[in-house]
Structures are given as structure tokens and as C-alpha cells.
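Residue numbers (this note's numbering), protein chains in the order written: chain A, 1 to 157; chain B, 158 to 816.
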């Protein structure tokens, strides 16, 4: 959506579909509004596997339509959201989830930003305790400065 | 002939950039004013040469010279003039030429406007700027030549992707690039300061306008892109957490942090080492963004491996500049003398917190964007990181930041009274509460967090309004006194108030469209009416139309509000020639309460059309907020102290004729 993305689009034009979305078709919509709302929520969290960074809810690719119908079928059969998600993951892998599940390989992903906040806060706190906030410790005079100081004070070198 | 002139101009610019880097740098080291003096003319010459090359490429596009491979691939003789011009940067090679052109332009601007800089600092800044040009000009020459020829020349070009044929998209890339590249100046200043070993209030004052300009360009570029996506992509999405968007968002966040920390350096001579680091990080993130976009690594790690020449080259540039500058930082930063001390509850303390939260928020964007690439290249596991991740990490980091925005400016330097600051804000707090309750009354459906989000935005707007009233004494002083105070407010104060209010307005818009969007998907026949967002939309019928390079079906709709017809809008399905590519044009009718947004889909049965109608409440606030931020930046930019503040030397006989 930035132009940069559009530039990529230009380059990959021949291989991928346009991001123009038509998404959910009238004939897909479930008559039960509660189930339909759940279906929309779920499909907003599933990646369209053949598009660039679009959810199946936004995509007009045929595969996305198949997945939307699949989700609705499963919901109508009375499955819970979790069951539907597990089924899709078992079929397409973790890649289908736009919200990765927390496990050993994604711990850093989920924890990283907050860890940085914590570490940054700690650094600031430690520096404060050392006396000056975010300030670098005072440096001793350098060789040059020592010698010019001696010159000024007219000390023998 | 013309393309060859362009080709030679790029080569000459490369040589000039080498000279611009090496000679002044050496001159500054040897303290030789004659060698330092070549910096400014070299920067000017480099800019002129790249501008010439750019003009040559533009000429090739305007004259549809399909013997130039780049023109053949990205243009078509039947394309409207404006898209022939924008086609110049609508592709990899041309956009890189624009990128270095802007880089050289910023370098030349330092040469022209940097008259009050100390000679050695100016020479070093321009030299560092030259070194970046060297890297990217060699990238163009070795991997991405825009002037490559075809023999025999094809008769017709392939055309520009129709989705890019849009006025907003014609100026979006130059704005964004100006932002990316503008941060190179902050970077060059930071590296030059590290080499000089001196960071002071004057340094911060010189850096700030450049950072501000870059930040404004980024703001405008991001907002324009978002607006384009909203009206062009056809479902009213305005932000997607797409890696390419994130690539522009990360430098924006860090530039925002840098703008705030530079104030501390300028006013209090503190946070110097940190500010230098931020300046380095801001441009490093621009480079990372360039790498992400240019290497093809985003499509897939494998795309990168298939055609690695460009990706590896940019990665090399990345390593040299980021690694080099950070090493320099590690080596030299400890020699930067610490400045003023301050208590944790103080303006400085508030700005430190601002920087901490902005940096962590940027880290969430950074990690979310790069983690899938990293994980795949290490373990081979493929995961996706999409909007739900960013909502859950970026969101919680930004909310406390927004809550604190109104408090910071009311704290005094060195040591502040938090209670006194809060006391002055109670009116704003009440106003925010009232707006939140009003939001609840207006839209009782939707997520329970939404009214809090609206209240949060209102909190920022109200606090800015309070600040303005308090400073000008509107209402309490006679009109002429208040007017005089109004006019006398410094640009920086206006900048702060407008930008903070703009953030608040944007937050309200974002919360409203995210929480209360209405969507109806149905098949309509002419004459049928549909209700959305309290407005009625009547389908009038459709007719074929012909554009300069497309044919279309145009469906017309009558929008009525309160039983009265307001206007007629239309949505089109276009098929572009020569590619036969379909696009959809959206019909939008804006109201103060939000946009009625109509898109047609496929034909359905006899006379029927699939029609999607949306109501996007308060969506205009997103871009209005962005505009306020931009205007705020401009006000701050024109603050008097940047024109008269820095000491000016009476005469500077630096430039001497060569013998």
C-alpha cells in the first residue's frame, strides 16, 4: 500500500494476483449472523496462501474463497473456533496463521518488544543509580589534555 | 544519444561522489581548508549530474523510446502524460535513480544552507553524504542500470501496472524517498560529530530542521499511501502492517523519537550519546527498508537466493554503513561528555520515557517484520506475522505513550512537579471523558475498548487546545492582548500543539473505523435501495464508458441522507489495455460522520450486480490527523531560532580559487 509495495507489485505482476479485494461473496454468507460473525473473525486471522500478505477475508483468490467456505462448513457443523484453527493448521501449517501461536520458536517474537522495553528501562534505572541519568561516566583527561594542562600549569614534563 | 548522456552522467556522478567523500574527509583530518572547501562544489556538481541523468531518463519516457529496456518494460505510448512521468520512478532502476538524486539533493542543500556550520563539521557531513552516494551509485551502475538498451528496439512497451496509474501514487514515492533519504543528513551529522568528538546544543539545532523535514516527508508519504490504499484497493483498508509499509513506518517512529531527544540536547545538553545513536538508527532503518524492498527477500527467502545480485549488494551496503557507524559509535561515544543532570520527574525524564516507548514500539514493528525471514532462514519453519500480532504488541506499547503525551510538555526542565502538571490537565481529562461517553452513546455496539480509544484521542486534542488557550490567554485577556500573544507564539510551540493534536485526531479516526465499520454485501438490481451507516444507497444502473487506455462498466448510485438525495456516485470495473488487466474504481461519498463507500463486484444473474457497501465512520480523521502532524512539523520548521539562532560568522573566506 505504500508505493514501495506497489513497486513490488509491478515486479511480481506476472506471478501474483492484484490486491484488489472482493472477498466475501453474497452466496458465501451464512444465514446465522452469529456464525457469520465468527467466520469473519476467523478468516481475518488466516493468511491467503497464494497472495502477498492478505488475509483470506480480504482476498479474492479462488483458494481464499475455498478456505472461507471451509471455515463456514466447519462452523455450521458445530466446531469451536479453536477446532477450526487447528484443522486449518494441520492442513496448511503454521504459515496460515496471521497471529502466530506462542511456542518455543515464537517466544522471542512475542516477548521481544516487551523485553526491549524492560531492558531499556533497566539500563536507564542503573545509570540513574550510578549518579547521572543516561550520562556517560566522566572521562579522565587524555594524554594530550594532560600535557597541555601541565604546560598551562608550567610543570616540568 | 540522450540515454547515453544519462549513462555518462551517472558515471561522472559516481566519480564526483568518490571525490566528495575522500578529499574533504582527508582535508578535515589534516585541517586543510582548501581540501575541505571542495566539499560544497562537489556536492552541488554531483546533484546536477544525477539531475541530468534523471532528466535523460524522463525524456526517454516522454518520447516513448522503447529502445531503452526500462522504458519498454514500464511504459506504453498510449499512457497519459502524467503516468509516463511517474513511470520513471515506478520501477526498480528508475526509483533507485530517484533515491540517489534525492540523496545528492540533500547533500547539496547542506552545502548551500550550511553556511553557518564550522568548516570541518560541514566538510565531514558532506563527505559522509558522498560516501552513501558512492555506495548507491555503484549499486545502480553494477546491478540496476536504467539506461540499458535493446537492439532491435521493440515497437511498443509493456505498459505500467494500471493499479499504479493514479495521481496520488505518482507523487507518493518521491515523498517517501525524500523522507527516507532526508534521514541520511541526520546520519551524516551523527557520524561527523562522532569523528569530531563534539556534540553540543548547536549540533542539535543544526540537525533538527533536517530531521524535521525528513519526518514531514515520511508523514506525508505514508499518509498519501494510506489514502491511496483506502480508495483504490477496494475494501477501505488503510493500513495493513505489510512489510513494505513497516519499512517506512520504522524510520518514522525513530525519527519521531530523534526529534524529541534532540530537544533535550539543544535545551539541556543531555542525552547526547543517545541522540547520536538514534540518528544512526533512523537512517539504518531506512537502509533496512530499502534492502527489504529491493532485494525481493520479502516475497520469499528463495526469491532472494534465485537472483541474489541486487539483494547481496544492498546487504553489503547495509553492513558497511550500519556496522561501520555503530562501530564508530561504540568507539567514540564514550568520549562524548555528559551534559546536564536531571531528576526522573522532569521534562527530560518524560522525553526519555517517550524515547523508550517509541523505540520499543519500533522494535515490535521490526521484530514482527523480520522474524519470519529469520526463523525461515535458521530453522526452515514458515510462519506468518500479520495484523493481529502488531495489534497485540505495538498497541500496548503505544497506549501508555499516548496517555503521557499531554503530560510531558507541562513538566519543567530538571525537576518537575507531577501533581501540578496533572492539576493543569484536569479540564482536558474531563473533556476526554465526556467525548468517551458521547462515543458510547453514539455507537453502543462494537468492542468495549472503543470508547476508551476515542477518549484517548480526545485527551490529546483537548490537552493541545488547553495549552493553546493557556499560552494565549484567549477568554481571560482582552482580545487584542490574546491576539498579540497568539501571533507571538513561537513556531515550535505551534508545532508541538498541532502535531500532538494531530496524533489524537488520527487515533480517533483509527478507533472509529476499526470498531464501527459497517459492511453490506448483496446483489442489487437497478432501482433497489440499501441502508448503510444511516444513509440510503440506490442502484441506478450501469453503462459502458471508455477511458484513454481502458474500457469500463460504470455503475451509478444515488446516495441519500435523511430522505434527501445528496449526490450521485459511481463505481467502475475497468479493463486496461494492453495488459487486459482488470481494476475496480470505488465510489465514495464523504460525510462528516463518515464515508459511504460503494464497490461493485461481478455481474449476478439478469441485470444484477454484486455490490459491497461500507460505512467508514470518521475515516477522514485519519488523514486530517496526519495533515495536522505535517502542518505542525512545518510550523516547528519555521521557528525563528533556526533562522537567527545559530551563530553566523561575519565573513567566511573559505572558498579559494584553485591555482
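C-beta atoms are modelled at their ideal positions from N, C-alpha and C, and glycine is treated no differently.
### Message
Tell me which residues share the same chain as residue 218 of chain B and place their Cβ nearer than 6 Å to its Cβ, disregarding the 5 neighbours each side in the sequence.
### Response
228, 232, 241, 244 and 245
### Task
Could you tell me whether any Cβ in chain A is nearer than 8 Å to the Cβ of residue 777 of chain B?
no
### Message
Please report whether the beta-carbon of residue 73 of chain A lies at a distance below 8 Å from any beta-carbon of chain B.
### Response
no
#### Entry: chain A contacts made by the segment 552-577 of chain B, where a contact means CB separation under 7 Å
554
### Task
Over the uninterrupted beta strand (DSSP E) stretch that includes residue 744 of chain B, give me the two end residues.
744-748
### Query
Count the other CB atoms within 10 Å of the CB of residue 526 of chain B; is the residue buried (16 or more) or exposed (fewer)?
buried
### Task
Give a yes or no on whether the C-beta atoms belonging to residue 582 of chain B and residue 567 of chain B are separated by under 8 Å.
yes
### Message
Is there a C-beta anywhere in chain A that falls below 8 Å from the one on residue 432 of chain B?
### Response
no
### Listed by chain order, chain B residues near residue 50 of chain A by CB distance under 8 Å
By Cβ distance, chain B contributes nothing, its closest Cβ being about 12 Å from residue 50 of chain A, past 8 Å.
### Task
Would you grab the beta carbon distance between residue 593 of chain B and residue 779 of chain B for me? Rounded to a whole angstrom, and I think it's under 8 Å.
That belief does not hold up - the Cβ atoms of residue 593 of chain B and residue 779 of chain B are roughly 19 Å apart, past 8 Å.
### Task
Please list the residues of the segment 89-116 of chain A that have a C-beta atom closer than 8 Å to any C-beta atom in chain B, keeping them in chain order.
93, 94, 95, 96, 97, 98, 99, 100, 105, 106, 108, 109, 110, 112, 113, 114 and 116
### Message
I'd like the list of long-range same chain contacts for residue 361 of chain B, defined as Cβ closer than 6 Å, with 5 residues on each side in sequence excluded.
### Response
419, 422 and 423
### Message
Below 8 Å on C-beta distance, what does residue 513 of chain B contact in chain C?
### Response
No chain C is present in this structure, whose protein chains are A and B.
### Task
Following the continuous beta strand (DSSP E) through residue 727 of chain B, name the residue where it begins and the one where it ends.
721-733
### is_contact[residue 524 of chain B, chain A] using C-beta, thresh 8 Å
yes
### Message
Quick check on DSSP: helix, strand or coil for residue 633 of chain B?
### Response
coil
### Task
Determine contact between the segment 364-377 of chain B and the segment 716-729 of chain B, defined as no fewer than three beta-carbon pairs at a distance below 8 Å.
no
### Query
Is residue 24 of chain A close to chain B, meaning its C-beta is less than 8 Å from at least one C-beta of that chain?
yes
### Task
Output yes or no for whether 8 Å exceeds the beta carbon distance between residue 96 of chain A and residue 88 of chain A.
yes
### Query
How many Å lie between residue 82 of chain A and residue 758 of chain B at the Cα?
32 Å
### Message
Tell me which residues share the same chain as residue 7 of chain A and place their Cβ nearer than 7 Å to its Cβ, disregarding the 5 neighbours each side in the sequence.
### Response
Confidence in residue 7 of chain A is poor, its pLDDT being 44 and thus under 50, which makes the residue's placement unreliable; the coordinate value appears in the next sentence. Contacts found: none.
### Pairwise C-alpha distance: residue 763 of chain B and residue 781 of chain B
42 Å
### Contact with chain A by residue 517 of chain B, beta-carbon distance below 8 Å
yes
### Where residue 804 of chain B sits in the DSSP three-state scheme
With a pLDDT of 45 at residue 804 of chain B, under the threshold of 50, the modelled position of this residue cannot be trusted; read the value that follows with caution. DSSP places residue 804 of chain B in coil when its eight states are reduced to three.
### Task
Note down the Cα distance separating residue 147 of chain A from residue 498 of chain B, rounded to an integer number of angstroms.
29 Å
### Message
Using only CA atoms, which one of B:177, B:473, B:746 and B:431 lies nearest to residue 447 of chain B?
### Response
B:473
### Task
Leaving out five residues on either side along the sequence, give the residues of the same chain with a beta carbon under 6 Å from the beta carbon of residue 815 of chain B.
Residue placement at residue 815 of chain B is poorly supported in this model, since its pLDDT is 46, which falls under 50; the coordinates still yield a value, given next. Closer than 6 Å at the Cβ level, and outside the excluded window around residue 815 of chain B, lies no residue.
### Query
By a C-beta neighbour count over all protein chains shown, 10 Å radius and 16 as the cutoff for buried, is residue 332 of chain B buried or exposed?
buried
### Task
With DSSP collapsed to three states, give me the class of residue 313 of chain B.
coil
### Query
Is any beta-carbon of chain B found at less than 8 Å from that of residue 21 of chain A?
Reliability of the predicted coordinates at residue 21 of chain A is poor, the pLDDT of 47 falling under 50, and the value obtained from them is presented with this limitation in mind. Yes, its Cβ sits closer than 8 Å to a Cβ of chain B.
### Message
Given a cut-off of 8 Å on the beta-carbon distance, is the pair residue 590 of chain B and residue 669 of chain B in contact?
### Response
no
### Task
Could you check which residue in B:682, B:786 and B:754 has the C-alpha nearest to that of residue 766 of chain B?
B:682
### Task
To the nearest angstrom, report how far apart residue 55 of chain A and residue 359 of chain B are at their CA atoms.
49 Å
### Query
Could you give the C-beta distance for residue 627 of chain B and residue 793 of chain B, rounded to a whole number, given that I count them as a contact under 8 Å?
The pair is not a contact, with the Cβ atoms about 19 Å apart (cut-off 8 Å).
### Query
In terms of DSSP beta bridges, what is residue 751 of chain B paired with?
B:748 and B:774
#### Entry: residue 269 of chain B, buried or exposed, once every other Cβ within 10 Å from all chains shown has been counted against 16
exposed
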